[in-house]
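The block underneath contains the structure these notes are about, expressed in structure tokens.
Residue numbers (our numbering): 4 to 148.
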């Protein structure tokens, strides 16, 4: 429990930032490739976040990310990518048909970015943002000032 408590500020910030970036990825993809329809792009971004809540993906992702704290691997990008991709596969298998997994993990195109690609891109950008700006310089909480 102590390890999870130590990892909580880092992982909570990472998940919140990742959700914002996930929305922005969908918003800007729709905005750029659909001739700048702002309301449609906003709706697409909100729908993408809503889909993650309804499919239980975000909750499974949070559980898997916090389980990484037990092994002190919650700051490693590779393990975060495995947790995020695993949460997508688990949520698809539970809520939908496992036959949708290849569609959701496909490469993006002009029509659709794909949940898997957006999810991986958003976690990488959030992780890079946190590590670049050194929001958490040690494994035991917020940055010392």
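C-beta atoms are modelled at their ideal positions from N, C-alpha and C, and glycine is treated no differently. As the structure is a computational prediction, the values presented were derived from the model and not from experiment.
* What are the start and end residues of each continuous alpha helix (DSSP H) run of 4 or more residues lying completely inside the region 90-127, in chain order? -> If we require 4 residues or more, the alpha helix (DSSP H) runs fully inside the region 90-127 come out as 104-107.
* Residue range of the unbroken alpha helix (DSSP H) whose run includes residue 70 -> In this chain, the alpha helix (DSSP H) harbouring residue 70 covers 60-71.
* What is the DSSP secondary structure of residue 138, counted as helix, strand or coil? -> Correct three-state label for residue 138: coil.
* To do: Reducing DSSP to helix, strand and coil, say where residue 4 ends up.
  => Under the three-state reduction of DSSP output, residue 4 falls in the coil class, being neither helix nor strand.
* To do: Run the CB neighbour count on residue 89, radius 10 Å, all protein chains shown included, and call it buried at 16 or more, exposed below.
  => It counts as exposed.
* Asked: Given residue 48, which residues of its chain have a CB within under 6 Å of its CB, disregarding the five upstream and five downstream residues?
  -> Excluding the 5 residues flanking it on each side, residue 48 has same chain C-beta neighbours closer than 6 Å at 26, 29, 30, in chain order.
* Asked: Taking the alpha helix (DSSP H) that residue 53 falls in, what are its first and last residues?
  -> For residue 53, the enclosing alpha helix (DSSP H) stretches over residues 41-57.
* Minimum C-alpha distance to residue 19 - residue among 106, 38, 68, 4 -> Residue 19 has its Cα closest to that of 68, out of 106, 38, 68, 4.
* Taking all protein chains shown into account, decide if residue 148 is buried (16 or more other Cβ within 10 angstroms of its Cβ) or exposed. => For residue 148, the predicted model reports a pLDDT of 44, less than 50, meaning its position is unreliable; a value from the coordinates is still stated below. Around the C-beta of residue 148, fewer than 16 other C-beta atoms lie within 10 Å, and the residue is accordingly described as exposed.
* To do: Please report how far the alpha carbon of residue 73 lies from the alpha carbon of residue 16, in whole angstroms.
  => Each residue's Cα considered, the two are about 18 Å apart.
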